Amino acid sequence: MTQIKTVAVIGLGYIGLPTAAILAENGLTVHGVDVSPRTVDAVNAGKVPFVEPDLADFVERNVAAGRLDASLETPKADAYIVAVPTPFQGDHAPDLSYIEAAARGLAPQLTGDELVILESTSPPGATDHMADVIREVRPDLKDAPLDFVHCPERVLPGRVMVELVTNDRIVGGSTPAAAERARDLYRSFCEGEILLTDCRTAEMAKLVENSFRDVNIAFANELSLICAEQGIDVWELIGLANHHPRVNILQPGPGVGGHCIAVDPWFIVDAAPQTARIIRAAREINDAKPQWVIERAKAAAFDVQQKEGRPAVVAALGLAFKPNIDDLRESPALNIAAQLADEFSGSTVLVSEPHVDELPAKLQGKENVRFVPAEQAVAEADVVLLLVDHDAFAGLGEQTAGKRVIDTRGQWR
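Residue numbers for the sequence shown follow my numbering, so the first one is 108 and each next one is one higher.
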């Protein structure tokens, strides 16, 4: 069995690049691979193309030391870590095309004794599917001792470089020996417990973790709808209920976003469509919450127009899917802002997101959208819609006197 000295990390996004950097920091030679020339150029210059605390120092240090580089093509390595997107299609079925492309890209480099790890959050059977694609490309390696493993990431954006080291990891192998080989690789940086299982159980474990959170968020979001009908402050209610020693209700919001919680439960629903009833219902509740927010904003804007005889100016504060990061993936805030701009064609939508430098593509080209600082947005708006509880917005509630405020996060209570 070949000793692992070089690792190719395929996909240099929010998970792949931190993983590549932490492996390089611990002495391995790491080759990053990405389809984006901009990302490859940034990494080779020792830069990070997105916001993640502490990551820039790791990348700069290890690129300078010659332990980390990036390219558009997959090189030879002793181990491969695939960390590419796994979105869903229009019918919520998983889209494995990125995994398939990564598999086809690495297959020509294999000699037969490599470790191939899938970190992308995936439906049950995805790791086996990746192995099948590789063996389809390389039928000469059908009986070779390749090791296939699923090791789902379990980190929180904004704390990735900490949690890569401290969090426990689940490692599911195609064989017990494959799992042990991957465990030894992750031990180079992981101080948490490393738990071994098979591929399908590891795949399902990540989906279950995020579905658990999705179901609990759905409970909070449904409470917010009920409380709005009953004239009850949902955040006060949850605070009171959480004083019970065995109750811990999460906080409601404008929906659920991010690359995990908003996506992963659908993989379980797709795998067991007749059985996953609670998981499906939670997804439907959370997916419907943005429209409820939009209807409230439209009602407030219509009230302004009726009373003042002019189109309302609406401020949409925050585009990221969670506080204090620049990650817009599956963000309900971004989708709400875009839909408001389309439906308020005669009104102005003032958008503020302190963690990005320009309007995202989804909002560009909309003539009624302006990208402005938060203070300006609040000052000029008739309707203020708080979509993300960034720290930068914390004090702005004091500047909303006389305005119609829709605080979807409870930050200004």
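Even for Gly, the Cβ is constructed at its ideal location relative to N, Cα and C. As the structure is a computational prediction, the values presented were derived from the model and not from experiment.
Query	Result
Option in Val456, Gly502, Ile206 and Pro259 with minimal Cα separation from Gly472	Val456
Pair within 8 angstroms by beta-carbon distance, Pro372 and Arg390	yes
Boundaries of the beta strand (DSSP E) in which Thr455 is found, first to last residue	Thr455 to Ser459
Contacts around Ala149, its chain only, beta-carbon distance under 6 angstroms, and the 5 residues preceding and following it disregarded	Pro156
Assumed close pair Arg356, Ala325 - CB separation to whole angstroms, cut-off 8 angstroms	For the record, residue 356 in the displayed sequence is Ile; it is not Arg. Going by Cβ atoms, the distance from Ile356 to Ala325 rounds to 11 angstroms, so no, they are not a contact pair.
Beta carbon of Leu441 nearer than 8 angstroms to that of Val491	no
CB of Val479 within 8 angstroms of CB of Ser454, strictly	no
Asp498 vs Arg516 beta-carbon contact at 8 angstroms	no
Supposed contact pair Asn274 and Val262 - C-beta distance, whole angstroms, cut 8 angstroms	6 angstroms
DSSP three-state assignment for His257, whether helix, strand or coil	strand
Three-state class that DSSP yields for Leu426 in the structure shown	coil
Runs of beta strand (DSSP E) lying entirely within the stretch 275 to 318, each at least 3 residues, in chain order	276 to 280 and 301 to 305
Own chain residues within Cβ distance below 8 angstroms of Asn349, not counting five before or after	Asn355 and Ile356
Rounded distance between the beta-carbons of Leu426 and Val463, thought under 8 angstroms	7 angstroms
Cβ separation of Asp305 and Gly346, assumed to be a contact under 8 angstroms, to the nearest whole Å	Their Cβ separation, rounded to whole angstroms, is 42 angstroms, which puts Asp305 and Gly346 out of contact at 8 angstroms.
For Tyr205, the three-state DSSP class (helix, strand or coil)	helix
Residue from Phe165, Ser229 and Thr126 whose Cα sits closest to the Cα of Ile375	Ser229
Three-way DSSP call (helix, strand, coil) for Ala501 in this model	helix
Beta-carbon separation (whole angstroms), His138 vs Ala172, contact threshold 8 angstroms	Incorrect: roughly 14 angstroms between the Cβ atoms, too far for contact.
Distance between Gly219 and Leu248 (C-alpha atoms, nearest Å)	6 angstroms
Beta-bridge partners of Leu175, as assigned by DSSP	Val137
Pick from Thr146, Asn317 and Ser318 that is closest to Val166, judged by C-alpha positions	Thr146
His351 burial status per 10 Å Cβ neighbour count (16 or more: buried)	exposed
Distance between Arg242 and His236 (C-alpha atoms, nearest Å)	10 angstroms
Endpoints, alpha helix (DSSP H) assigned at Arg403	Arg384 to Glu415
Status (buried if at least 16 other CB within 10 Å, exposed otherwise) for Pro246	exposed
Residue environment, Phe428, which counts as buried when at least 16 other CB atoms sit within 10 Å	buried
Coarse secondary structure for Arg511, derived from DSSP in three states	strand
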